[in-house]
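J.: Dropping a structure here in C-alpha cells format, bear with me for questions.
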Amino acid sequence: MKHTLVAFSAFLAVFAAGAQAATCADRTHVVTQLETRFGETLVANAISSSRNVLEVFASDDKKTWSILVFLPERGLSCLVSTGKGDTTLKVALSEI
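In C-alpha cells form, the structure reads like this:
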C-alpha cells in the first residue's frame with residue numbers, strides 16, 4: 420500500500436506539471452458531463468502530498484469509467500484515462 424501511495428504521489432507531481440497540455444476543464448463542468456453523458460459518479464479518490472486529487476468515476480453498472488486528476492488551486496479536472504468494463508478499470512488502477 421505504501422508503495423502504491425508513493426507511486427501515486429510521483430504520478431500526480433509529474434502530471435500536474437504537464438496539466439496544461441492535458442485535456443482539462445472546470446471541475447464542475449467535467450463532473451456534470453460525466454454524470455449526464457455517461458451516468459458516472461465518483462467511486463474513489465485519493466489526495467497526494469501536493470494536494471492534487473486522483474478521482475475515479477464509474478457508471479453504476481461499471482460499463483464505463485473515467486480517471487481524473489483534480490487540481491484544486493486551479494479548479495481544473497484533467498482527464499487521465501477512460502475505459503469500458505470492470506476488468507479494464509482494475510488493470511488501469513493497478514498501473515498507477
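So our numbering is basically just the index in the sequence shown, starting at one, shifted up by 419.
Glycine included, each C-beta is placed from N, C-alpha and C at the ideal position.
1) By alpha-carbon positions, which one of L495, T447, T451, T460 ends up nearest to D480?
2) Could you check if T455 is buried or exposed, using at least 16 other CB atoms within 10 Å of its CB as the buried criterion?
3) Need the endpoints of the alpha helix (DSSP H) that E474 sits in, please.
4) Can F476 and R446 be called in contact, C-beta distance under 8 Å?
5) Which residues share a DSSP beta bridge with V488?
6) Look at the alpha carbon of A444 and the alpha carbon of P491, and state the distance between them as a whole number of angstroms.
T.: Judging by the given coordinates:
1) T460
2) exposed
3) Per DSSP, E474 belongs to no alpha helix (DSSP H); it is in the beta strand (DSSP E), 472 to 478.
4) Not in contact: F476 and R446 (Cβ atoms no closer than 8 Å).
5) According to the DSSP secondary-structure assignment, V488 is paired through a beta bridge with L473, C497.
6) 12 Å
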